[in-house]
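Some notes on the structure that comes next.
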């Protein structure tokens, strides 16, 4: 048995029938590089059977403590059935991108069966008319509960399933596996009692680590922004309402090299800053078309990994920054400069509050209290009554820049599928692979009835940024440089989750 962390369990507590805490990865493969130009379903089953030892959650289900008196546990599923989790389907003719997006949206909208290990995998054939994808390609949609992993953990598992040559198709056969016995309710209650009894000692240890953190330099503290909190500054938009049970999905491919060139227009800007700028520009275009653009800038939440590089544990280890994304700014370079200035301030604040310790302190909040508060919030719709903390999300995962292969088939597309929730119903995922950034968005049809048009807005915003910066030198303007230099020198680079 292994207990879920407070952060992992929070994704379980926050789940409702209309907001499943389910994320996914959409991998697209060209089988022409595989042996005899094909990959068979039974090969995929065998490969994923070999993967089962890579992560605990693949053969374990979530067992909750009675009355939620403590956080749940991972317990081996004695009835584990691989073929229940790995499914096979095909797109109807013509097999184009919109059909694939619709299928992906339908699959991720369905909650997972939490009486089983919380993941499903769909092999999707018939991708014969997807732009930029060779005819005859297939996709694998890996759908997993967020309680099991964050983006960093998912990327590690993804890389572990792929090789760098089409000839390397070796997967070690799985060793014999004997599931542990299912705990009784009395055993779970006994563990909860022990955890609560040792809580003061564990809290003291965490406090000791916090006080041992070196104080920030005065010049760093002076850089902390004195700005209104997001709670009072974030405008309400169509994306800050209850989501429906259904989902819509779409995205565009962007050139990583052009994003890297574009960031040079603002000294110190990152690729993540440029992606926030693309999202800000797209939302400006989209909401202007709807006659709904607020005068205040929309705010994006960007997850930031706080995982210790020395640890290889699964689960979630993330914090977040909240960045105004310049939707009130028409010029894409001025928007990028404003975003870079804001992200640097946010990173300094993240260091000042020691995000890793804040996550550790969450472990001492009783699971039942968290579960009850989340349940009441969901049942009464309280999340939609308060002012939004942010309008949208963007997670950015860097991937391999050399080709990867699965069972000899070349990976030609790596897309993320995020989580749309009440009050923040638009989520963007950016996944970079082989010089391409796969930027996608998921929402519900009430908020985003025209996902293909929103994808066009993402493309137009990216094109505007590339055009505006194509002839720029790194030092675009003295004013932009003055705005960014101070905070750039004082902020360590945080890795997007």
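In this note's numbering, the protein residues as written are 146 to 642.
Don't be surprised by glycine CBs; every beta carbon is placed ideally from N, CA and C.
- Query: Under three-state DSSP, which class holds residue 571?
  - Reply: coil
- Query: Per DSSP, residue 288 forms a beta bridge with which residues?
  - Reply: 169, 265
- Task: Using only alpha-carbon positions, find the residue among 389, 406, 606 that is nearest to residue 564.
- Result: 389
- What's the C-alpha gap between residue 438 and residue 233? Cα to Cα, the separation comes out at about 42 Å.
- Query: Around the Cβ of residue 606, are there at least 16 other Cβ atoms within 10 angstroms (buried) or fewer (exposed)?
  - Reply: Label assigned to residue 606: buried.
- Query: Whose C-beta lies closer than 8 Å to the C-beta of residue 262 among residues of the same chain, with five residues either side of it excluded?
  - Reply: Correct list, in chain order: 202, 203, 204, 205, 206, 222, 225, 230.
- Can you say whether residue 362 is buried or exposed, counting buried as having 16 or more other CB atoms within 10 angstroms of its CB? Since pLDDT at residue 362 reaches only 43, below the 50 mark, its modelled position is unreliable, and the value read off the structure follows with that caveat. Looking at its Cβ environment, which holds fewer than 16 other Cβ atoms inside 10 Å, residue 362 is exposed.
- Task: Give the secondary structure of residue 596 by DSSP, where H, G and I count as helix, E and B as strand, and everything else as coil.
- Result: helix
- Could you tell me the distance, in whole angstroms, from the CA atom of residue 299 to the CA atom of residue 171? 12 Å
- Message: Could you give the first and the last residue of the continuous alpha helix (DSSP H) run that contains residue 443?
- Response: Premise fails: residue 443 is in no alpha helix (DSSP H) and is neither H nor E.
- Query: Residue range of the alpha helix (DSSP H) that residue 417 falls in?
  - Reply: 416-434
- Message: Using 8 Å as the threshold, is the C-beta distance between residue 270 and residue 235 below it?
- Response: Yes, Cβ-Cβ distance for residue 270 and residue 235 is below 8 Å.
- Query: Cα separation between residue 177 and residue 183?
  - Reply: 6 Å
- From 338, 385, 342, residue whose alpha carbon lies closest to that of residue 534: Residue 385 is the option with its Cα nearest to residue 534.
- Return the bridge partner residues of residue 232 from the DSSP annotation. 267
- When the cut-off is 8 Å and only beta carbons count, does residue 417 lie next to chain D? The chain inventory of the structure shown lacks chain D, comprising one protein chain alone.
- Pick helix, strand or coil for residue 586, following the three-state DSSP scheme. strand
- Beta-carbon gap between residue 173 and residue 278 smaller than 8 Å: Cβ distance < 8 Å, so residue 173 and residue 278 count as in contact.
- Proximity to residue 551 [Cα-Cα], best of 478, 303, 488, 228: Closest by alpha carbon: 303.
- Identify which residue in 191, 264, 185, 420 has its Cα closest to the Cα of residue 603. Of the listed residues, the one whose Cα sits closest to residue 603 is 420.
- Between which two residues does the beta strand (DSSP E) containing residue 207 stretch? Where residue 207 is concerned, the enclosing beta strand (DSSP E) stretches over 205-208.
- Determine the closest residue to residue 597 out of 328, 394, 210, 188, with distance taken between C-alpha atoms. 394
- Query: If you check the beta carbons only, do residue 562 and residue 168 fall under 8 Å apart?
  - Reply: yes
- Indicate whether the contact test is met: 3 or more Cβ pairs, each with one atom in the region 305-316 and one in the region 536-552, closer than 8 Å. yes
- Task: Would you list the residues sitting across from residue 578 in a DSSP beta bridge?
- Result: Partner(s): 581.
- Message: Tell me the rounded alpha-carbon separation between residue 240 and residue 492.
- Response: 43 Å
- Task: Assign residue 395 to one of three DSSP states: helix, strand, or coil.
- Result: strand
- Item | Alpha-carbon to alpha-carbon, residue 538 and residue 585 | Here the alpha carbons of residue 538 and residue 585 stand approximately 11 Å from one another.
- Query: Counting Cβ pairs, one atom from each stretch, are 3 or more of them under 8 Å apart for the region 320-338 and the region 572-580?
  - Reply: no
- Message: On the DSSP bridge list, what partners appear for residue 543?
- Response: 577
- Message: Quick check on residue 338: buried or exposed, where buried means 16 or more other Cβ atoms within 10 Å of its Cβ?
- Response: exposed
- Simplified DSSP assignment, three categories, for residue 242: helix
- Roughly how many angstroms lie between the CA atoms of residue 146 and residue 209, to the nearest whole one? 12 Å
- Message: If you reduce the DSSP assignment to three classes, tell me which class residue 437 lands in.
- Response: coil
- Message: On a Cα-Cα basis, can you pick out the residue from 554, 469, 238, 425 that is closest to residue 490?
- Response: 469
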